[in-house]
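Heads up: the structure comes next, in structure tokens.
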Amino acid sequence: MKVLNYTCFFNSTYFILLLQNNCHMKKNLLSILLVCFIAFQAKSQSLVSASPNTGTVGINLTTTITGAGTTFQTSSPPNSLYNVYLQNGTNFLYANILAATITDDLHFDITFNIPANAFAGVYDLYVSYYDPGQNIINLTLPAAVTVNPPDGFVQGKVFDDLNGNGILDGAEQGIPNQTINIPGIGNQVTNGTGDYSYGVSNGNYTVNFVPNTNDLVLILPPNPTSFNVVINSNNATNNFAAVHGITSVYPDSAFTGQTIQVTIVSRGIFTPSNVVASNVSMRRTTFPYSFTSNLVTYIDTNTIIARFPVPNNVAYLGLWDTRIYLTSGYTGYHYMHNNFTVNNPPLYLTGIVFLDVDSNGIKDPAEPGIANEKLLMMPDSTIAFSDQNGDFSFGAAPGPHTISWVQQAGFLTLAPNNPASYTDTVSVTTGGHDFGLESTISPYTSIITLDPCWSGCAHPNHFGMTYQNIGSIPYNGYVYFVFDTNMIYTTANCWGNNAPPDSIIGDTLFWNIYNVLPQQIYTVSVCFSTPVGGVTINYSATIVALDGGGNMAYSATDYGTHVVSCSMDPNEKSAIPEGVFSQHYTLLSDSILYTILFQNTGTDTAYTVVIRDTIDNNFDLGTFEVVEASHTMLSEVSLQTRVAKFTFNNILLVDSNTNEGQSHGFIRYRIRPKAGTPDNTVVYNDADIYFDFNPPVTTNQTFNTLVTVIPISVSEISNENQTEAKVIPNPFSNTAWLVFENPGKELFHLKIYSVTGALVSFKNTRDNKVLLVKDQLPQGLYIYDLSTDNGVNLTRGKFLIY
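Numbering (my numbering), first residue to last: 719 to 1520.
Structure representation (structure tokens):
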């Protein structure tokens, strides 16, 4: 085979293709023609001029670039430009191509940044742009622009006029990041020492101070906010005497865990309407970034008093700026920099919350500590929660303090012989502030909660089961998990406390449990995969408590249902109860248990995870209760902003690529609606999850419609489009049949809810009847929801078991 050699020759109007050693390879010839045409097209394009073509050091140059044979496109937003700059040896002047204006294929306007320290001389122009075929065309115009040295400099400093005399004295420092403007030249921001400098040509100029609302300083009369200057081959120096709006903060220090009242004095910038508690904070540039006031009292235009709950966390140690954002008047952010210090507390007050089985007011070795109990210390107004062992601590200053246990929603109360509070005057760390509690419900009462984490189809899906003995007697028993026929049990790549089941019988996994202590929380987990998306799966978890003779003393079950999808965000939020029907009806008398799941799907270990969750205004913050967390964490709730913050310090959460099983975490809390909340109030909830310094990941949004009674019509069948159904007999004492029309043997889903909105049973059937058994449901009123896969045929009704 002969080799085809070619050479392309160009002049200004045509190109010539010279072929050597011709062969009959038409395809190769066509390719060569195309290559040569593209090369010719690039060769025929050029830059003609830049007008104006002279600039001055320190003054940005706006010029029109003209080309020949070019195709500067106006149809490719923001434009077709790829790179535009001037070069003189190792000196470069760059243009902002996003601000360029393309007039037509031959012209565009652009601005070059010429800083005050730029090199004066002759520069070549370089332009790169995309042609219509998305090829990058590189063009050069030698000696296109001349940059002249300035005739003089307009310069000066914005300084902190501490003594108010308008003169820069030796101890007064420059203020960085303040904006200076010269009309016709543009803005400049003062550097780290407060200086500005414009290189300019001879002429008349006005220099203006422009308030920076991100760090607002004031220039008070008679100090000028602008200067008129004349440059005639000389320099003009003018300083701006500025002051900060905040003049003092006292006290100027606190310690972790302390709630402190701070008096903030200003230069008359406050009004009753422009001071908002959530806009007053201590702030810095390193993590954590801020902590916020939860109460502000307006005194007069000069003075406010702000209350700061300082988080009980060593990450908050060090120097802070005081920052206030005003919404009117002197609108913007006002800072006093590096003026507030957070230290370690001088002493601690400690104690333990425990189950006082013998009611003697003393924690005996066999009596367990109780987690997540709420404590209050006054007059500090500080709240703490007991940890997994029941221990708690308050950082405090020397002096008198009163600590009390705060009863939350639940079944615990102070046991006899235990004080309601402790009042101490202390000068050193003091312990012994112990609170013994007792349960007010039957001894073996237990709860179990399912905590699924969906990863989608064809992946391991984790099912955590959390159970708790909320009674008062330790017991043995067992936990079992019933899974759907569309679920495949797996142990691969599963995370959590994955103790293998002690036995598997059909669709049920069993775990034996021993010495389940009162008020303690335990978990067991299992993983399943689901083969395809779109299917509905149902599952349940049950705990059974046995008495000393091995007989069932108590059982509790939690149910779940889920439509499998093939993609799922691992950071999600769920509410229990989810609520009845599509409106998620939930009783106003019930608490809602929220679970926030998170997973590190990044590429490295997460050292800190922070969750911020704004509590709906219709919830009572006094009933807020942390139930459980996957890792050690600190929780705090702002009464002003209603933000619940959960901080997992030093969590060392590995990424999912390194260890999928260990990349997950969660937090679970419970809260009740406010008394007097109107019927049909809808409460929404989502959360922001921060992994180290990354932007937040926002979860899905849950919602519940709060009602006094779950709405269901007196008639079991409300319209002719529903499947006709009937419970026979209704009410019943032992068994009954739910019968309905199903001539086509469609797949029906039956969900049964309690009047609290909790899902208590589900069944799938292709029959036309379902047996209801009293032994499986305690006596009471129930609501049923019968539907097909597509949800078209739907019936809702109620029945009573007596």
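Ideal placement from N, C-alpha and C gives every residue a C-beta, glycine not left out.
task = In the DSSP assignment, find the beta strand (DSSP E) that holds His1151 and state where it starts and stops.
result = His1151 -> no beta strand (DSSP E), and no H or E assigned at all.
key: Segment limits, beta strand (DSSP E) that includes His1119   = Run containing His1119: 1117-1124, per the beta strand (DSSP E) assignment.
ask   = Going along the chain, which residues of its own chain have a beta-carbon closer than 7 Å to the beta-carbon of Gly963, five neighbours each way excluded?
value = Within the same chain, and ignoring the five residues on either side of Gly963 in sequence, the residues whose Cβ sits closer than 7 Å to its Cβ are Leu934, Leu936, Ser984, Arg985, Ile987, Tyr1048, His1052.
ask   = Is DSSP giving Tyr816 helix, strand or coil here?
value = The sequence as given places Leu at residue 816; Tyr does not occur at that position. Residue state, collapsed to three classes: helix.
Range of the contiguous beta strand (DSSP E) that encloses Arg679 = The displayed coordinates of the chain run from 719 to 1520. Any statement about residue 679 would go beyond what the structure contains.
query = So who's on the other strand from Ile828, going by DSSP bridges?
reply = DSSP, once it has assigned bridges, lists Thr781 as partnering Ile828.
key: The beta strand (DSSP E) enclosing Gly888, as first and last residue numbers   = DSSP places Gly888 in no beta strand (DSSP E); its state is neither H nor E.
task = Identify whether Ser996 lies in helix, strand or coil by the three-state DSSP scheme.
result = Residue state, collapsed to three classes: helix.
query = So which of Ile828, Arg1514, Tyr1408, Arg1360 has the shortest CA-CA distance to Ser996?
reply = The residue with the shortest Cα to Cα distance from Ser996 is Arg1360.
request  = Taking Ser1300 and Gly1278 to be in contact with their CB atoms under 8 Å, please state how far apart those CB atoms are, rounded to whole angstroms.
outcome  = Wrong, their Cβ atoms sit about 17 Å apart, outside the cutoff.
query = According to DSSP, is Ala1024 helix, strand or coil?
reply = The answer is strand: DSSP assigns Ala1024 an E or B state.
ask   = Does the distance from the C-beta atom of Gln906 to that of Ile898 stay below 8 Å?
value = Their beta carbons are under 8 Å apart, which means Gln906 touches Ile898 by this criterion.
message = Against chain B, with Cβ distances strictly below 8 Å, would Gly1266 count as a contact?
response = No chain B is present in this structure, which holds just one protein chain.
inquiry  = By the three-class DSSP mapping on this structure, what secondary structure does Gly1266 have?
reply    = Under the three-state reduction of DSSP output, Gly1266 falls in the coil class, being neither helix nor strand.
task = Scan the stretch 1314-1372 and note each continuous beta strand (DSSP E) run of 3 residues or more that stays entirely inside, going in chain order.
result = As far as the stretch 1314-1372 is concerned, its whole beta strand (DSSP E) runs of at least 3 residues are 1327-1332, 1337-1347, 1352-1355, 1361-1366.
query = To which residues of the same chain is Thr1068 closer than 6 Å at the C-beta, ignoring the five residues directly before and after it?
reply = Answer for Thr1068: Ser1111, Gly1149, listed in chain order.
key: Length at least 3, wholly inside the stretch 872-914: the beta strand (DSSP E) runs in chain order   = The stretch 872-914 contains these whole beta strand (DSSP E) runs: 897-900, 904-907.
query = Leaving out five residues before and five after Ser951 in sequence, what residues of the same chain have Cβ atoms less than 8 Å from its Cβ?
reply = Only Asp869, Gly870, Asn920 meet the Cβ criterion.
ask   = Where do the N-terminal and C-terminal ends of the beta strand (DSSP E) with Asn946 fall, by residue?
value = It spans 944-949 - the beta strand (DSSP E) in which Asn946 sits, taken as one unbroken run.
task = Put Asn1211 into one of helix, strand or coil per three-state DSSP.
result = Confidence is the limiting factor: at Asn1211 the pLDDT is only 48, short of 50, which leaves the residue's position unreliable, though a coordinate-based value still follows. In the structure shown, Asn1211 sits in coil (DSSP, three-state: anything other than H, G, I, E or B).
task = Sort Tyr847, Ala862, Val863, Thr864 by Cα distance to Asn856 and report the nearest one.
result = Comparing Cα-Cα distances from Asn856 to each of Tyr847, Ala862, Val863, Thr864, the minimum goes to Tyr847.
inquiry  = His1280 and Pro1170 - do their beta-carbons sit closer together than 8 Å?
reply    = Yes; because the gap between Cβ atoms is below 8 Å, this pair is in contact.
request  = Taking Thr1304 as the reference, give the member of Ile1239, Phe1153, Pro1396 with the closest Cα.
outcome  = For the residues Ile1239, Phe1153, Pro1396, the minimum Cα distance to Thr1304 belongs to Pro1396.
query = Per DSSP, which one or two residues make a beta bridge with Thr1010?
reply = Beta-bridge pairing links Thr1010 to Ser999.
Whether His825 touches Thr772 by CB criterion (8 Å) = Inclusion of His825 and Thr772 in the CB contact set at 8 Å is not warranted, their separation being larger than that value.
DSSP three-state assignment for Gly1462, whether helix, strand or coil = The DSSP-derived three-state label of Gly1462 is coil.
DSSP three-state assignment for Leu747, whether helix, strand or coil = Residue confidence is low: Leu747 scores 47 on pLDDT, short of 50, so the model does not pin down where it sits. No coordinate-derived value is stated.
inquiry  = Classify Glu1434: buried if its beta carbon has 16 or more other beta carbons within 10 angstroms, exposed otherwise.
reply    = Low confidence applies to Glu1434: its pLDDT is 38, below 50, so where it sits in the model is not reliable, and the reading given next is rough at best. Buried, since its Cβ has 16 or more Cβ neighbours within 10 Å.
task = Identify every residue that forms a DSSP beta bridge with Val1401.
result = Answer is Asn1422, bridged to Val1401.
query = Below 8 Å between beta carbons: does that hold for His1467 and Asn1486?
reply = In this structure, Asn1486 does not lie closer than 8 Å to His1467 by Cβ.
query = Is the beta carbon of Phe1369 less than 8 Å from the beta carbon of Ala1324?
reply = The residue asked about is misnamed: residue 1369 is Ile in this sequence, not Phe. Closer than 8 Å, so yes.
key: Ser1309 burial status per 10 Å Cβ neighbour count (16 or more: buried)   = Under this definition Ser1309 is a buried residue.
ask   = When you compare only the Cα positions, how much space is there between Ile1023 and Gly884?
value = Their backbone Cα atoms lie some 30 Å apart in a straight line.
query = At which residue ranges does the stretch 1065-1096 contain complete beta strand (DSSP E) runs of 3 or more residues, listed in the order of the chain?
reply = You should have 1065-1073, 1092-1096.
request  = For Phe755, collect the residues of the same chain with a Cβ closer than 6 Å to its Cβ; drop the 5 residues on either side in sequence, then sort them by chain order.
outcome  = Note on Phe755: pLDDT 46, under 50, position unreliable in the model; no value is reported.
Segment limits, beta strand (DSSP E) that includes Arg1388 = Its beta strand (DSSP E) spans residues 1382-1391.
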